[in-house]
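Undergrad:
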Amino acid sequence: MESKMTVAVHEIGHAWAYTSAGLRLRYATIRPRDARLTGVCRPWKPREVAWDTYAWIGAAGPIAEAVYTFNSEPDEFDFEDHLTAAVLTGGCDDYEVAGHMLDAADVIEALRDQLTQSWSAILSTAERLLEVGTLTGVELWTGLTPAAGRGNVAYVKGRRPAQ
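Quick note: to get my numbering, add 64 to the position in the sequence shown (first position is 1).
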């Protein structure tokens, strides 16, 4: 079963991608649902976000979750196993949005590298999300933009290739 921190890191992975693309967020939240925990990350003006950017943002959540579980749960599985588990245990909607990006090794590698460079900010923001349950867009921007480089993460329309 997923830990609360796993869910928080997943949502903050999405929030990191929004801030990396220079997009504003309304909030990110985690809350109980049945016996599990669910999370939501909402943009400020969703219709103004291009679909290819949504695909990249959709991929960032499961990849952040896989980085977290791969690094914190020593086992016999490799990173790709952890990524598959992230998609199967709650990232199915992300897979639909991210589609081809979660099937492209170069995109996964680039996003994984970029997330890792921002990892301390991602973890501290995820811990804060766990404490309070909901973070506003301003709180997310403040916690993540220095790490995200305020829109300086390299990507091209439709794909985010490795540099």
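Yeah, the Cβ is synthetic: ideal placement off N, Cα and C, and Gly gets one too.
#1: Rounded to a whole number of angstroms, what is the C-alpha to C-alpha distance between Thr70 and Thr180?
#2: Which residue or residues does DSSP assign as beta-bridge partners of Arg106?
#3: Taking only runs of the alpha helix (DSSP H) that begin and end inside the segment 142 to 200, which ones reach a length of at least 4 residues, in chain order?
#4: Could you give the distance in angstroms between the alpha-carbon of His78 and the alpha-carbon of Thr102?
#5: To the nearest angstrom, how far is it from the Cα of Glu75 to the Cα of Ala92?
#6: Between the C-alpha atoms of Thr206 and Ala185, what's the straight-line distance to the nearest angstrom?
#7: Would DSSP call Pro96 helix, strand or coil?
#8: Would you tell me roughly how many angstroms separate the C-alpha atoms of Trp52 and Gly201, rounded to the nearest one?
#9: Tell me the DSSP secondary structure of Glu75 in three-state form.
#10: Report the option in Gly86, Glu137 and Ala123 whose CA atom is closest to the CA atom of Glu112.
TA: On the basis of the coordinates in this document:
#1: In this structure, the alpha-carbon of Thr70 lies about 15 Å from that of Thr180.
#2: In the DSSP output, where bridge partners are listed per residue, Arg106 has Tyr91.
#3: For the segment 142 to 200, whole alpha helix (DSSP H) runs of length 4 or above, ordered along the chain, are 143 to 152, 156 to 162, 169 to 181 and 183 to 196.
#4: Cα-Cα distance, rounded: 14 Å.
#5: If you take the alpha carbons of Glu75 and Ala92, they lie about 7 Å apart.
#6: The alpha-carbon atoms of Thr206 and Ala185 are separated by roughly 10 Å.
#7: Assignment of Pro96 by DSSP, reduced to helix, strand and coil, places it in the strand class.
#8: As displayed, the chain neither begins before 65 nor continues past 227, which places residue 52 out of reach and without an answer.
#9: The answer is helix: DSSP assigns Glu75 an H, G or I state.
#10: It is Gly86.
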